[in-house]
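**Student:** If you read the sequence shown in numbering that gives the first Met the number 0, its first letter stands for residue 0, the second for the next number, and so on.
Heads up, the beta-carbon is just placed ideally off N, CA and C, and yes, glycines get one too.
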Amino acid sequence: MFGLRGIAAKIFGTSNDRKVAKYRGKIDEINAMEEELAGLSDEALRARTATFKDELAAGKPLDDLLVPAFATVREAAKRALGQRHFDVQLIGGMVLHEGRISEMKTGEGKTLVATLPVYLNALQGKGVHVVTVNDYLARRDAEWMGQVYGFLGLTTGVIVHGLSDPERRQAYACDVTYATNNELGFDYLRDNMKYHLEEMVQRGHHFAIVDEVDSILIDEARTPLIISGPSDDKSELYNAIDRFIPELTPDDFELDEKQRSVTLTENGNVHLEQVLAAAGLLTGTNLYDAE
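(1) If you follow the beta strand (DSSP E) that Lys70 is part of, which residue opens it and which one closes it?
(2) Please name the residue, chosen from Ile215, Gly267, Leu281, that lies closest to Pro249 on a Cα-to-Cα basis.
(3) Do the stretch 134–154 and the stretch 197–209 make contact, defined as three or more Cβ pairs closer than 8 angstroms?
(4) Mind listing, in chain order, the continuous alpha helix (DSSP H) runs of no fewer than 4 residues lying wholly within the stretch 159–220?
(5) Taking the straight line between their C-alpha atoms, what separation do you get for Val200 and Leu263?
(6) Are the C-beta of Gly279 and some C-beta of chain B separated by less than 9 angstroms?
(7) Kindly indicate which three-state DSSP category Leu280 falls into: helix, strand or coil?
(8) Between Leu224 and the rest of its own chain, which residues show a CB-CB distance below 8 angstroms, the 5 nearest in sequence each way excluded?
(9) If we ignore side chains and look at the alpha-carbon of each, how far apart do Val132 and Gln88 end up?
(10) Quick one: is Leu119 buried, meaning 16 or more other Cβ sit within 10 Å of its Cβ, or exposed?
(11) Okay, do the stretch 98–118 and the stretch 32–41 touch, 3+ Cβ pairs below 8 angstroms being the bar?
(12) Can you give me the start and stop residues for the beta strand (DSSP E) that Glu253 sits inside?
(13) Answer with buried or exposed for Tyr171, where buried requires no fewer than 16 other C-beta atoms within 10 angstroms of its C-beta.
(14) Give the DSSP-derived three-state secondary structure of Met0 in the structure shown.
(15) Could you compute how far the alpha carbon of Val280 sits from the alpha carbon of Tyr194?
(16) Inspect the beta-carbon positions of Pro60 and Met32 and report whether they are closer than 9 angstroms.
(17) Kindly indicate which three-state DSSP category Thr222 falls into: helix, strand or coil?
(18) For Ser260, list the residues DSSP reports as bridge partners.
(19) Could you say which of Asp164, Asp213, Glu211 lies nearest to Asp190 if we only look at CA atoms?
(20) So, helix, strand or coil for His128, using DSSP?
(21) Taking His160 as the reference, which of Lys257, Asp174, Tyr135 has the closest Cα?
(22) Whole angstroms is fine: what's the gap from Thr222's alpha carbon to Val212's?
(23) Rounded to a whole number of angstroms, what is the C-alpha to C-alpha distance between Met144 and Arg83?
(24) Could you check the C-alpha separation between Ala57 and Leu44 for me, to the nearest Å?
(25) According to DSSP, what are the bridge partners of Val157?
(26) To the nearest whole angstrom, what separates the beta carbons of Leu64 and Glu54, a pair I think is in contact under 8 angstroms?
(27) In the structure shown, what three-state DSSP assignment does Ser101 receive?
(28) Contact defined as beta carbons within less than 8 angstroms: I believe Ala178 pairs with Val130. What is the distance between those atoms, to the nearest angstrom?
(29) Nearest CA to the CA of Leu115: which residue from Leu95, Ile215, Glu102?
(30) From what residue to what residue does the alpha helix (DSSP H) around Tyr237 run?
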């Protein structure tokens, strides 16, 4: 059976070979645009970003822009970095755009590969995250590849340890944001602890590319992200609330003996709010008012 598989693979190619082969046509299209784009001025090349955004706003599918967008990024990289995307890097970029894992050999320039799908997806204006394994790589890649994005009129931000909330909010508001998986994860957790939307630093999770994906999604996944800190002394509040518990009726709460938990019903919420308001203990408009 194994011999038959080997023979079939030699004749028809492996599954991976067939997947890679489907990108060849688009690579030819991208290569065909190279001479035309090389003749454009810097301003004309940069203006293509606005054109792409207008086309998306008019309803054009993002995938229809892959070929011209990739060709534009390659020309921008040649001018901003002196580096040109090779065909294997174009394939890697297409794989990443599809949400798949792209394994690049040493020396194939995976950092440069990421600029292709990052630029394409950043055109939607919803932000793109590039996840790295440490702060050094986040800073380095943001400064290095940020030259390509900046050349094409996009903004680049970087999230590292020690930034304030306003600084983080500004970095997340950029078209492209570089950060470690831990910084992204903890910012997400802290955002879910905020009381008001305007206090949150992240603006959504549209598209992300993960560098060293095996390390981050497998090795690092075994380490939980936990936010801890000293709790406020609420004993006085608990004692005050305890006085009103006997006034609740069975219709005011649901008791889960298995989980050893109690949940107020809608009637219970209303009843307790009325009791606490009458006692002068309800400072907001309801039980869940953060104020």
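**Tutor:** Considering the structure as presented:
(1) Counting from one through the sequence shown, the residue named residue 70 turns up at place 71. Note that residue 70 is Ala in the sequence shown here, rather than Lys. That residue, Ala70, is in no beta strand (DSSP E); its alpha helix (DSSP H) goes 65–79.
(2) Taking the sequence shown and counting its residues from 1, one reaches residue 249 at position 250. Nearest option by C-alpha distance: Gly267.
(3) no
(4) 164–171, 180–190
(5) Reading the sequence shown from its first residue, position 201 is the one you call residue 200. Reading the sequence shown from its first residue, position 264 is the one you call residue 263. Roughly 32 angstroms between the two C-alpha positions.
(6) The question asks about chain B, but that chain is absent: this structure has only one protein chain.
(7) Here residue 280 refers to the residue found at position 281 when the sequence shown is read from its first residue. Coil at Leu280, not helix or strand.
(8) Against the sequence shown, residue 224 aligns to sequence position 225. Same-chain partners within the cutoff: Asn181, Gly184, Phe185, Leu188.
(9) Position 133 of the sequence shown, counted from the first residue, corresponds to residue 132. Position 89 of the sequence shown, counted from the first residue, corresponds to residue 88. In a straight line, the C-alpha of Val132 is about 21 angstroms away from that of Gln88.
(10) By 1-based counting over the sequence shown, the position of residue 119 is 120. That one is buried.
(11) no
(12) As a first step, residue 253 must be located in the sequence shown, where it is residue number 254. Counting along the chain, the beta strand (DSSP E) containing Glu253 begins and ends at 252–255.
(13) As a position in the sequence shown, residue 171 is number 172, starting the count at 1. By the neighbour-count rule (16 or more Cβ atoms within 10 Å), Tyr171 is buried.
(14) Numbered from its first residue, the sequence shown carries residue 0 at position 1. Reliability of the predicted coordinates at Met0 is poor, the pLDDT of 46 falling under 50, and the value obtained from them is presented with this limitation in mind. Three-state DSSP puts Met0 in coil, outside helix and strand.
(15) Here residue 280 is taken as the residue at index 281 of the sequence shown, counted from 1. Here residue 194 is taken as the residue at index 195 of the sequence shown, counted from 1. According to the sequence shown, residue 280 is Leu rather than Val. About 20 angstroms.
(16) Taking the sequence shown and counting its residues from 1, one reaches residue 60 at position 61. Taking the sequence shown and counting its residues from 1, one reaches residue 32 at position 33. Cβ distance not < 9 angstroms, so Pro60 and Met32 don't count as in contact.
(17) In the sequence shown, residue 222 corresponds to position 223, counting from 1. If DSSP states are grouped into helix, strand and coil, Thr222 belongs with coil.
(18) Translated into positions along the sequence shown, residue 260 becomes position 261. According to DSSP, which records beta bridges pairwise, Ser260 is partnered with Asp255.
(19) By 1-based counting over the sequence shown, the position of residue 190 is 191. The shortest C-alpha separation from Asp190 is found at Asp164.
(20) As a position in the sequence shown, residue 128 is number 129, starting the count at 1. In the structure shown, His128 sits in a strand (DSSP, three-state: E or B).
(21) Numbered from 1 along the sequence shown, position 161 holds the residue referred to as residue 160. Nearest option by C-alpha distance: Tyr135.
(22) Counting from one through the sequence shown, the residue named residue 222 turns up at place 223. Counting from one through the sequence shown, the residue named residue 212 turns up at place 213. If you take the alpha carbons of Thr222 and Val212, they lie about 15 angstroms apart.
(23) Here the question's residue 144 lines up with position 145 in the sequence shown. Here the question's residue 83 lines up with position 84 in the sequence shown. Rounded to the nearest angstrom, the two C-alpha atoms are 13 angstroms apart.
(24) Stepping through the sequence shown from its first residue, residue 57 is reached at position 58. Stepping through the sequence shown from its first residue, residue 44 is reached at position 45. Answer to the nearest angstrom: the Cα atoms are 21 angstroms apart.
(25) Sequence index remark: in the sequence shown, residue 157 carries index 158 (1-based). Looking at the DSSP assignment, Val157 forms a beta bridge with Tyr177.
(26) Your numbering for residue 64 matches position 65 in the sequence shown. Your numbering for residue 54 matches position 55 in the sequence shown. Contact holds; Cβ gap of about 7 angstroms.
(27) In the sequence shown, counting from the first residue as 1, residue 101 sits at position 102. Coil.
(28) Looking up residue 178 in the sequence shown gives position 179. Looking up residue 130 in the sequence shown gives position 131. Ala178 to Val130, Cβ: 7 angstroms. Contact.
(29) What you label residue 115 is simply residue 116 of the sequence shown in a count that begins at 1. Of Leu95, Ile215, Glu102, the residue nearest in Cα terms is Leu95.
(30) Indexing the sequence shown from 1 puts residue 237 at position 238. From DSSP, the alpha helix (DSSP H) with Tyr237 extends over 234–241.
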